[in-house]
Structure formats: C-alpha cells, structure tokens
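Residue numbers (mature numbering (1 follows the signal peptide of the UniProt record, and there is no 0)): -18 to -1, 1 to 278.
Each remark here refers to the structure printed beneath this line.
Here it is as structure tokens:
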C-alpha cells in the first residue's frame, strides 16, 4: 500500500531571523577583516559577495564562502593590492544552515527515529507544491514519514547537537496534510548535515538547545492525531550545496537506515519492527564516549 505525504522544503537565505550578523573593520594598514556573530546553536554557511572590490583582494575573488560556528569569528580578509592606491568595497551576504565543508570518515547509518520495538511503516514524502496542481511537478527528494498506531517516543537517529527547536504548536486543526507550524527539533552533525524531526507533541521535548545526543536518546513524543494519515513523525536530512550560479542553498538528501539487520535507503516500506543495532549507536563515538557507554 502506498502512502502519500506532502512536505514543504524551506530555504532561508539572509535573514528574516538575523541569526548571523556580519561587520567589517579596517586596520591602520588598510587590511579589512569581516567577522560574524552567531547567537544560535546552529552552524551556518555564509556566502559573501562583493559588488564593489577596488584595489582589494580576497581568498577567492568576488565571492567567498565561509562557515559561521556558534559564537564569534572571522569570515574573510580583504587586503590592498597596491598600497599607494585608494581602496573601496561593498558587500552583501546570505546564509543557510549547515557546513558546506563538513566531512565524515564514512557514510553514517541512521536509526529509525522511533522508540525501539515499535512497529512502523515508512512512506516517501512529496512536495506540497505537487498537491497544489503545479505547472511542473517537483521530483526532488523530500524526506520520509514513519507511521505507527500509538503515541511513541521519538529518538535521535544519529549523534549530534540540538541546534534548533520549536515545540509550542498545539495543532488544533483536523485532517491536515501539512502544517507550516509543525513542532520540530533539529540536530546538527559533525559532518555539516542537519536532521530535522517534525510532527512532535507540544511541550514534550526531553532535550535542550546545545545538548549533545546519541542515537536512541529520547527527543520528544510523537503527534499526528490531527493529520488525515494519523500518528507519524517526519524526518528530513539536508546539506549545503552550491548551485550553478554560485549561490548556496539547503538540499534534502536520502540517507541509509538500519532496518531488519541491514542498512539501506528507505522509500515505501513495512511494517517492520524498529531495532537499534549497537554498531549504529556507537559508530560516531569517541574512544572516551565508547568507554563510558561500555560501562553503562
């Protein structure tokens, strides 16, 4: 049986929410340093563009891509080409969540983000625009939904940092396909990817911003009673990519899940019982973390 879900992928560039603020300073040698302030727990990729760059050089021409970690730091430096000539510049910037330069030693395997032992079904999601009779159908990957019959605990599918969350929506409407105000928790991973878990019960979070979590740690409680497809949780993994024009954006990607003793990309699959293989739980642990886990 095929289950159809809709999902809207939103990309935030520049800043309706102003998480990243950039400023420039010039020293007595004419060297200009652009720095950032990031007051969130999320890491961002920043694209700096210089419409005006007179007698100044950057590390990569009129466009510079840099990473803004939580806190404060340097993005790039502009240096005079000829010290005897005047300089001038202007800049603008956009940013998206994640680290475009993030790397991992191998391809991580994800847990199904539902309490171990639960029976679930996996269903591929489609973009909400496809349901609204578009001129052209969007076929980009849009994540997965995991369906179940009873309210369950939702868990971290992979090691990371709780970087963002919104858990205040009570969800009073009925028979929904999609809700722009869905409760969600986002986990930032060391390879720059971000996992977004959606359709969570209001106020049920068991984690806080900045907290490190490991695969299987409880995040919150499921919701979905007011959706026409019933109780479920939605999961999306996305990365930062550069498009043909040189701009940056977030792009959803499929990932491999640990299911029934194997690891593979899920589409419409199940029902199956959720399991938490130890090798997946420990795959990204440090030696110290692994030692502590063994003792516990």
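Each residue gets a CB set at the ideal place from its N, CA and C atoms; glycine is no exception.
I'd like to know whether the C-beta atoms of residue i and residue j end up nearer to each other than 8 Å.
{"i": "residue 143", "j": "residue 201", "result": "no"}
{"i": "residue 248", "j": "residue 256", "result": "no"}
{"i": "residue 196", "j": "residue 263", "result": "yes"}
{"i": "residue 205", "j": "residue 188", "result": "no"}
{"i": "residue 177", "j": "residue 139", "result": "yes"}
Using alpha carbons as the reference points, say which of the options lies closest to residue i.
{"i": "residue 27", "options": "8, 21, 68 and 79", "result": "79"}
{"i": "residue 57", "options": "66, 239, 75 and 64", "result": "75"}
{"i": "residue 21", "options": "192, 61 and 276", "result": "192"}
{"i": "residue 101", "options": "269, 215 and 237", "result": "215"}
{"i": "residue 131", "options": "203, 77, 213 and 163", "result": "213"}
{"i": "residue 15", "options": "1, 39 and 25", "result": "39"}
{"i": "residue 4", "options": "17, 12 and 13", "result": "17"}
{"i": "residue 30", "options": "225, 65, 42 and 37", "result": "42"}
{"i": "residue 233", "options": "221, 93 and 24", "result": "221"}
{"i": "residue 12", "options": "71, 88, 167 and 52", "result": "71"}
{"i": "residue 49", "options": "211, 276, 36 and 24", "result": "24"}
{"i": "residue 107", "options": "225, 180, 267 and 270", "result": "180"}
Leaving out five residues before and five after residue i in sequence, what residues of the same chain have Cβ atoms less than 6 Å from its Cβ?
{"i": "residue 97", "result": "134 and 135"}
{"i": "residue 114", "result": "Confidence in residue 114 is poor, its pLDDT being 49 and thus under 50, which makes the residue's placement too unreliable to answer from."}
{"i": "residue 174", "result": "80, 81 and 84"}
{"i": "residue -9", "result": "Note on residue -9: pLDDT 35, under 50, position unreliable in the model; the coordinate value appears next. If we look at residue -9 and ignore the five residues flanking it on each side, it has no Cβ neighbours."}
{"i": "residue 6", "result": "14 and 16"}
{"i": "residue 63", "result": "37 and 39"}
Which partner residues does residue i have in the DSSP bridge list?
{"i": "residue 195", "result": "142"}
{"i": "residue 18", "result": "4 and 55"}
Is any heavy atom in the ligand SAH found nearer than 7 Å to the beta carbon of residue i?
{"i": "residue 135", "result": "The ligand SAH is absent from the structure shown, which contains no ligands of any kind."}
So, for residue i: in the same chain, excluding its five sequence neighbours on each side, which residues have a beta-carbon less than 7 Å away from its beta-carbon?
{"i": "residue 277", "result": "none"}
Can you list, in chain order, the stretches of the beta strand (DSSP E) that have 3 or more residues and sit fully within the segment 58 to 143?
-> 70 to 79, 101 to 109, 126 to 129 and 135 to 137
Alpha helix (DSSP H) runs contained entirely in the segment 191 to 272, provided each spans 4 or more residues = 260 to 263
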